[in-house]
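Student: Structure incoming, see below.
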Amino acid sequence: MLIDERVLTADFQPSEILHRHDEISTLSRTLQPISEGEIDSSAGAFIWGPTGTGKSCTTAYLLEQLADEADIGSATIDCWQQNTSSAVYHTLLNEIAPAHTRTRGTTAKSVLWEGLDDRLRDRAQFVVVLDEVDQLQDDQVLYQCYEHESITPILIANRKHDFFAGLDERVTSRLRGYSAVHFRNYSDQELVSILENRARAALRPDAVSASALASIAGHAHGDARLAIAILRNAVREAGEDLRDEHIIAAVEEAQTQLRQETLEKLSEVQRILFHKLTAHGEQSLSELYDRYCAHGTVDEPVVKRTVRKHLAKMADYDLVVRHGKKRGRTYASALEEQFQV
DNA sequence: TATCCACGGGAAATACAGGGAG
DNA sequence: CTCCCTGTATTTCCCGTGGATA
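Letter 186 of the first sequence, counting from 1, is numbered 464 in the working numbering, and no numbers are missing.
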């Protein structure tokens, strides 16, 4: 019953965006001036909302439209991977001038920025999307982007408050001028229609019943990425006749897949720590540290302070939850809680 | 109250990567 | 190719702070 599996993957870009009408019109209004060639150095957008609510997808859709009607260039950078200013500069340079090669000396941030500045000076406008911007380790690149009159920044984060808390006053005051767009979770009804759309493109007609889609939507808790992953797994599992048990199995599988994706981004030490937290549940730092040191593949354990730094970072990534402060603090895996619903 | 010890900021040290010279 | 230089990223070290416990 499967015709085109590609449609059921995370990086498939649908030709229309459902249930984001208000968000799209707000963002279009923000981008309107630059598409008409105006220079508005205060223009920019801040987008926030949980995973699977269409933030990246909608942004990509808008940029495509913009490129069509006004020949405006853009670059989208995943700050989870490029989480330092210089990494962002390098990626940007590569986007703007694909021939860019690293030469001696250009690793310095200031020189990188000058290079970018040169390339942008003659262009009309350029949109820079910083996805997962809350993962950036320093905010230098934020300054530079909004100071630059040719750059219109679009910042995407999961939570508004946490992101703003990490910035200093100079940045936040500038961001207040941006249009802030909140992407909320989809309702079950909305998820169903999104799934219908994908199913129509990916599957034989009537391959999946309306009640099956409703059931999948119910398991996805407003997360379209999860919903689509469940549908993909269920269809693959089922062969010709999709029944409830296939959906149940697909939910498990989809959750595991998404978790696996997250874990692959972790370093060796972080993976071991995470493993000890899932295997032994909530525990104190000293318990966790002892287990980490005793782990088979660890012959030269890192120092306790380093473990604490890793745990802090993993808490930022929502992989670890910390209860309590100071001495009584305990650590636990966040994904278990999240997925055990 | 005294002691213990985890927290987290920050400086110093170390590990790592890319490019150029030979 | 190897070695060296430069700048970045990560780890270790140091330490002031303060909550928990006896």
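Even glycine gets a Cβ: it sits at the ideal position worked out from N, Cα and C. Given the structure is predicted, the values throughout are model-derived calculations rather than measurements.
Compute the beta-carbon to beta-carbon distance between residue 476 and residue 283, rounded to the nearest angstrom, for a pair I have assumed lies under 8 Å.
Tutor: The residue labelled residue 476 in the question sits at position 198 within the first sequence. The residue labelled residue 283 in the question sits at position 5 within the first sequence. Their Cβ separation, rounded to whole angstroms, is 11 Å, which puts residue 476 and residue 283 out of contact at 8 Å.
Student: What would DSSP say about residue 280, mapped onto helix, strand or coil?
Tutor: Working through the first sequence from its first residue, we reach residue 280 at position 2. Reduced to three states, the DSSP call for residue 280 is strand.
Student: Are residue 279 and residue 518 close, meaning C-beta to C-beta below 8 Å?
Tutor: Working through the first sequence from its first residue, we reach residue 279 at position 1. Working through the first sequence from its first residue, we reach residue 518 at position 240. Going by C-beta atoms, residue 279 is nearer than 8 Å to residue 518.
Student: To which residues of the same chain is residue 567 closer than 7 Å at the C-beta, ignoring the five residues directly before and after it?
Tutor: Taking the first sequence and counting its residues from 1, one reaches residue 567 at position 289. Within the same chain, residue 567 has close Cβ partners 582, 585.
Student: Where DSSP assigns a beta bridge to residue 326, which residues make up the other side?
Tutor: Position 48 of the first sequence, counted from the start, is the residue given in the question as residue 326. BP columns for residue 326 point to 435, 460.
Student: Exposed or buried, residue 306, counting other C-beta atoms within 10 Å across all chains shown (16 or more means buried)?
Tutor: For the purposes of this step, residue 306 is identified with residue 28 of the first sequence, where counting begins at 1. Residue 306 should be labelled exposed.
Student: If we count the other Cβ atoms within 10 Å of its Cβ and call it buried at 16 or more, is residue 488 buried or exposed?
Tutor: Position 210 of the first sequence, counting from 1, holds the residue named residue 488. So residue 488 counts as exposed.
Student: Could you name the residues of the same chain whose beta carbon sits closer than 7 Å to that of residue 333, not counting the 5 residues immediately before and after it, in chain order?
Tutor: Working through the first sequence from its first residue, we reach residue 333 at position 55. Closer than 7 Å at the Cβ level, and outside the excluded window around residue 333, lie 325, 327, 434, 461.
Student: Identify every run of the alpha helix (DSSP H) within the region 485-557, keeping only runs that are complete inside it and at least 4 residues long; order them along the chain.
Tutor: You should have 488-498, 502-516, 522-542.
Student: Quick one, are the C-beta atoms of residue 312 and residue 415 less than 8 Å apart?
Tutor: On the first sequence, position 34 is the one that residue 312 refers to. On the first sequence, position 137 is the one that residue 415 refers to. Their beta carbons are not under 8 Å apart, which means residue 312 does not touch residue 415 by this criterion.
Student: Please state the DSSP three-state secondary structure of residue 621.
Tutor: Any answer about residue 621 is impossible in this case: the structure gives the chain only from 279 up to 619.
Student: How should residue 410 be labelled, buried or exposed, when 16 other C-beta atoms within 10 angstroms of its C-beta is the threshold for buried?
Tutor: Numbered from its first residue, the first sequence carries residue 410 at position 132. When all chains shown are included, residue 410 counts as buried.
Student: Going by Cα to Cα distance, which pick from 579, 610, 589 is closest to residue 558?
Tutor: One-based indexing of the first sequence puts residue 558 at position 280. Of the candidates 579, 610, 589, the one whose C-alpha sits nearest the C-alpha of residue 558 is 610.
Student: As an exercise, report each continuous beta strand (DSSP E) stretch of at least 3 residues that is fully enclosed by the region 299-355, in chain order.
Tutor: Listed in chain order, the complete beta strand (DSSP E) runs (minimum 3 residues) inside the region 299-355 are 323-326.
Student: Where does the unbroken beta strand (DSSP E) through residue 611 begin, and where does it stop?
Tutor: Taking the first sequence and counting its residues from 1, one reaches residue 611 at position 333. Start and end: 608-611.
Student: Contact defined as beta carbons within less than 8 Å: I believe residue 459 pairs with residue 301. What is the distance between those atoms, to the nearest angstrom?
Tutor: The count along the first sequence starts at 1 and reaches residue 459 at position 181. The count along the first sequence starts at 1 and reaches residue 301 at position 23. About 5 Å separates the two Cβ atoms, so the contact holds.
Student: Quick check on DSSP: helix, strand or coil for residue 430?
Tutor: Position 152 of the first sequence, counted from the first residue, corresponds to residue 430. Reduced to three states, the DSSP call for residue 430 is strand.
Student: Just how far apart, CA to CA, sit residue 587 and residue 437?
Tutor: Position 309 of the first sequence, counting from 1, holds the residue named residue 587. Position 159 of the first sequence, counting from 1, holds the residue named residue 437. Between residue 587 and residue 437, the C-alpha separation is close to 21 Å.
Student: According to DSSP, residue 561 sits in a beta bridge with which residue or residues?
Tutor: The residue labelled residue 561 in the question sits at position 283 within the first sequence. DSSP, once it has assigned bridges, lists 609 as partnering residue 561.
Student: Would you check if the region 521-539 and the region 547-561 touch, i.e. whether three or more CB-CB distances between them fall below 8 Å?
Tutor: No: the two stretches stay apart, fewer than three of their Cβ pairs being nearer than 8 Å.
Student: Roughly how many angstroms separate the alpha carbons of residue 504 and residue 344, rounded to a whole number?
Tutor: Translated into the one-based positions of the first sequence, residue 504 becomes position 226. Translated into the one-based positions of the first sequence, residue 344 becomes position 66. Going by the C-alpha atoms only, they are around 29 Å apart.
Student: State buried or exposed for residue 395, treating a residue as buried only when at least 16 other CB atoms are found within 10 Å of its CB.
Tutor: Counting from one through the first sequence, the residue named residue 395 turns up at place 117. Exposed, because fewer than 16 other Cβ atoms sit within 10 Å of the Cβ of residue 395.
Student: Report the rounded CA-to-CA distance for residue 339 versus residue 598, giving the unit in angstroms.
Tutor: The residue given as residue 339 occupies position 61 in the first sequence. The residue given as residue 598 occupies position 320 in the first sequence. Straight-line Cα distance between these residues: approximately 33 Å.
Student: Who does residue 404 pair with in a DSSP beta bridge?
Tutor: Sequence index remark: in the first sequence, residue 404 carries index 126 (1-based). Residue 404 pairs with 351, 429.
Student: Could you give the C-beta distance for residue 457 and residue 323, rounded to a whole number, given that I count them as a contact under 8 Å?
Tutor: Your numbering for residue 457 matches position 179 in the first sequence. Your numbering for residue 323 matches position 45 in the first sequence. With a Cβ gap of about 5 Å, residue 457 and residue 323 count as contacting.
Student: Provide the residue span of the alpha helix (DSSP H) that contains residue 467, from first to last.
Tutor: Along the first sequence, one-based indexing puts residue 467 at 189. Unbroken alpha helix (DSSP H) run through residue 467: 466-480.
Student: With distances taken from CA atoms, which of 298, 537, 535, 493 is nearest residue 464?
Tutor: Counting from one through the first sequence, the residue named residue 464 turns up at place 186. Ranking the options by Cα distance to residue 464, first place goes to 298.
Student: Please classify residue 409: does DSSP put it in a helix, a strand, or coil?
Tutor: Translated into the one-based positions of the first sequence, residue 409 becomes position 131. DSSP places residue 409 in strand when its eight states are reduced to three.
Student: Can you give the Cα-Cα distance for residue 595 and residue 425, rounded to whole angstroms?
Tutor: For the purposes of this step, residue 595 is identified with residue 317 of the first sequence, where counting begins at 1. For the purposes of this step, residue 425 is identified with residue 147 of the first sequence, where counting begins at 1. Residue 595 and residue 425: Cα-Cα distance of roughly 28 Å.
Student: Check the C-beta distance from residue 562 over to residue 522 and give it rounded, since I have them as a contact under 8 Å.
Tutor: On the first sequence, position 284 is the one that residue 562 refers to. On the first sequence, position 244 is the one that residue 522 refers to. Actually they are not in contact, since the Cβ atoms of residue 562 and residue 522 sit about 42 Å apart, beyond 8 Å.
Student: Distance, Cα to Cα, residue 450 vs residue 281?
Tutor: Within the first sequence, the letter at position 172 stands for residue 450. Within the first sequence, the letter at position 3 stands for residue 281. So the two alpha carbons sit approximately 48 Å from each other.
Student: What would DSSP say about residue 288, mapped onto helix, strand or coil?
Tutor: Within the first sequence, residue 288 is the residue found at index 10, counting from 1. In the structure shown, residue 288 sits in coil (DSSP, three-state: anything other than H, G, I, E or B).
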